[in-house]
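Below is one structure; the comments refer to it alone.
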Amino acid sequence: GEQVEQRPPHLSVREGDSAFIICTYTDSATAYFYWYKQEPGAGLQLLMSVFSNVDRKEEQGLTVLLNKKDKQLSLNLTAAHPGDSAVYFCAVSGGNNKLTFGQGTVLSVIP
Amino acid sequence: EAAVTQSPRNKVTVTGGNVTLSCRQTNSHNYMYWYRQDTGHGLRLIHYSYGAGNLQIGDVPDGYKATRTTQEDFFLLLELASPSQTSLYFCASSDIWGGEQYFGPGTRLTVL
Numbered sequence: 001g002e003q004v005e006q007r008p009p010h011l012s013v014r015e016g017d018s019a020f021i022i023c024t025y026t027d028s029a030t031a032y033f034y035w036y037k038q039e040p041g042a043g044l045q046l047l048m049s050v051f052s053n054v055d056r057k058e059e060q061g062l063t064v065l066l067n068k069k070d071k072q073l074s075l076n077l078t079a080a081h082p083g084d085s086a087v088y089f090c091a092v093s094g095g096n097n098k099l100t101f102g103q104g105t106v107l108s109v110i111p
Numbered sequence: 001e002a003a004v005t006q007s008p009r010n011k012v013t014v015t016g017g018n019v020t021l022s023c024r025q026t027n028s029h030n031y032m033y034w035y036r037q038d039t040g041h042g043l044r045l046i047h048y049s050y051g052a053g054n055l056q057i058g059d060v061p062d063g064y065k066a067t068r069t070t071q072e073d074f075f076l077l078l079e080l081a082s083p084s085q086t087s088l089y090f091c092a093s094s095d096i097w098g099g100e101q102y103f104g105p106g107t108r109l110t111v112l
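Top to bottom, those sequences are chains A and B. When we follow this note's numbering, the leftmost residue of the first sequence carries the number 1, and every step to the right adds one. When we follow this note's numbering, the leftmost residue of the second sequence carries the number 1, and every step to the right adds one.
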């Protein structure tokens, strides 16, 4: 079945810098891609969803890139601020449409 | 946006204990899911359901039962809890299989 590798597991950036997270998936039939944010003590909140016909999507300081050739999905937070400190998960919906999650990235934004 | 609630938010039990985790969603979604979250593993699917009375096995079902009593309510049952089931449990719902999932706030379960 689908496997997803998410890197890095931990990321620390200074306020105003960019934060980059990448996921590599295995199923070439994967059609839907998601990024979630989990704040302390809370559930996962959907940040952005991308369909496979989109290579790049930008919303509110977030940029998602989809490289289908290399089976990679990335999230870039431009100008990170302390409120962005959280755990970020990618999730992909493969050929059987089951959602598979990455292992998560703990992002710390230092003021 | 879908509203998903879970209870209890925290639970401590002993090995061999009987635990029921509850989840309710109020957006009339067809699909409901139970996940466990453990460091280094992300979220792993335990069971899911596509409607009242339906139950499907996920990726890590051993030691867990589940029941979907209504469109809104999905329960996770641990009949003989073990320390390996100490984890953070999330319920989620979605309108379609593979679609956007909306998560509850989680239940932290500790099995002593």
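No residue lacks a Cβ here, since even glycine has one placed at the ideal position from N, Cα and C. The structure presented is a predicted model; accordingly, all values stated were derived computationally and were not measured.
In the three-state DSSP reduction, B:Asp-73 falls in the strand class (E or B).
Chain order gives no chain A residues near B:Glu-72, where near means a beta carbon separation below 9 Å; the closest approach is about 17 Å.
In this structure, B:Gly-104 lies near B:Thr-5, with their beta-carbon atoms less than 8 Å apart. The shortest C-alpha to C-alpha distance from A:Ala-42 to any of B:Phe-90, B:Glu-79 and B:Ser-22 is the one to B:Phe-90. For B:Leu-109, not one C-beta of chain A is nearer than 8 Å to its own C-beta. Neighbours of B:Trp-97 in chain A, taken as residues at a C-beta separation under 7 Å, are given in chain order as Asn-97. In summary, A:Val-64 is buried, with 16 or more beta-carbon neighbours lying within 10 Å of its beta-carbon over all protein chains present. Taking 7 Å as the upper bound on Cβ-Cβ separation, chain A lies near residues Gly-40, His-41, Gly-42 and Leu-43 of the stretch 35 to 62 of chain B.
Scanning chain A for C-beta atoms nearer than 9 Å to the C-beta of B:Glu-100 yields Tyr-32, Tyr-34, Leu-46 and Ser-49, reported in chain order. Checking the DSSP bridge columns, you'll see A:Trp-35 partnered with A:Met-48 and A:Cys-90. In this structure, the straight-line span from the alpha carbon of A:Gln-72 to that of B:Val-19 is close to 39 Å. Rounded to whole angstroms, the Cβ separation of A:Glu-2 and A:Val-92 is 6 Å, and the two are in contact under 8 Å. When DSSP assignments are scanned along the stretch 21 to 52 of chain B, the uninterrupted stretches of beta strand (DSSP E) that are 3 or more residues long and fall wholly within it turn out to be 31 to 38 and 42 to 49. Within the same chain, Cβ atoms closer than 6 Å to the Cβ of A:Gly-102 are found at Val-4, Gln-6, Cys-23, Phe-89 and Cys-90, the five residues on either side in sequence being excluded.
In this model, A:Leu-75 and A:Leu-99 are separated by some 18 Å (Cα to Cα).
Only residues of its own chain outside the window of five on either side were considered, and among them Arg-36, Gln-37, Asp-38, Gly-106, Thr-107, Arg-108 and Leu-109 have a CB closer than 8 Å to the CB of B:Leu-88, listed in chain order. In its chain, beyond the 5 residues on either side, Thr-110 and Leu-112 have a beta carbon closer than 7 Å to the beta carbon of B:Val-12. One thing to note: A:Asp-27 has its Cβ no nearer than 8 Å to the Cβ of A:Ala-80.
Taking A:Leu-62 as reference, the option from A:Pro-82, A:Leu-47 and A:Ser-52 with the minimal CA-CA separation is A:Leu-47. Taking all protein chains in view, the Cβ of B:His-41 is surrounded by fewer than 16 other Cβ atoms within 10 Å, so the residue is classified as exposed. For A:Gln-72, the uninterrupted beta strand (DSSP E) segment begins and ends at 72 to 77. Contact annotation: A:Ser-49 and A:Ile-110 have beta-carbon atoms that are not nearer than 8 Å. Rounded to the nearest whole angstrom, the C-alpha separation of B:Ser-7 and A:Ala-19 is 34 Å.
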